[in-house]
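Only one structure is covered here, and it is reproduced in the block below.
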């Protein structure tokens, strides 16, 4: 009530700040796709003749921060994804990228040889190629004519 | 304008692109972190599978658009038996606040993550005025 006709209202020192805030809010509007309920990282599984390949989307994780464990028919992809800034003074407008420690266990369609694993990372996609143990490879048996 | 941006930025997940002549598959909205410090804004955008030279960042009428085609060929000699992600295009639009200088945008790329640094326009920077003692 006391504000009515208050001369300072024309030059509100916070008006510009509020304007900036609303601009920022507009810049960052839009719905967020929920990802937290899905296992991370997302994977694709590929089957070859005597091998299986798992590809995983791991953007922002350096190769050194990825930990792979292979045992029988289980692959475990673990690691840590760091936040883009550790600065407490930074103001967050959007935080959609999950970060922190992750671990995912993937059941493979065949038993693999842990000593015969090859992993490559490219543009944030990890590819893990695993081979069947030699002893378990299917063998062709030729039939002799009697 | 803001409405238009909202539509192109929010409605794209798992929608096949039919208007473009080229085959680029479905369009996904990349997960993005945005933070601000001292008026400068940083956008961190997940674009796994996109090669740095195929990323397109453009600014038009204070609309910042980021686009990148996923290059994820099937491993040779393999067939896919299970899938949680698929090839396509990442695309998202942001509207720039007036306080940002559109000419100052810097882009870097590492491990499938695009980082854009947007500097505050000189005119929008708060100025310190010293008060002299009489």
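Chains as they are written, first to last, in the working numbering: chain A, 1 to 146; chain B, 1 to 134.
The beta-carbon is built from N, C-alpha and C at its ideal position, and this holds for glycine as well.
- Comparing alpha carbon positions, the residue from 77(B), 92(B), 100(B) closest to residue 124(B) is 100(B).
- The beta strand (DSSP E) runs of length 3 or more contained entirely in the region 16-98 of chain B are, from start to end of the chain, 26-28, 32-37, 40-46, 50-60, 63-70, 79-83, 89-95.
- What residue 32(B) touches in chain A, judged by beta-carbon distance under 8 Å, is 94, 96, 97, going in chain order.
- Chain-order list of chain B residues neighbouring residue 87(A): 37, by C-beta distance under 7 Å.
- Membership of residue 46(A) in the beta strand (DSSP E) is indicated by the continuous run 43-47.
- For residue 48(B), at least one C-beta of chain A is nearer than 7 Å to its own C-beta.
- For residue 60(A), a Cβ of chain B is located within less than 7 Å of the residue's own Cβ.
- With contacts defined by Cβ atoms closer than 7 Å, residue 76(A) and residue 105(A) form a contacting pair.
- Between residue 34(B) and residue 61(B), the alpha-carbon positions lie close to 20 Å from each other.
- Among the residues facing chain B, residue 101(A) is not included, as its CB has no counterpart in that chain under 7 Å away.
- Per DSSP, residue 92(A) is one residue of the beta strand (DSSP E) stretching across 91-95.
- For residue 116(B), the enclosing beta strand (DSSP E) starts and ends at 113-118.
- For the C-beta of residue 84(B), the chain A residues within less than 7 Å are, from N- to C-terminus, 42, 43, 44.
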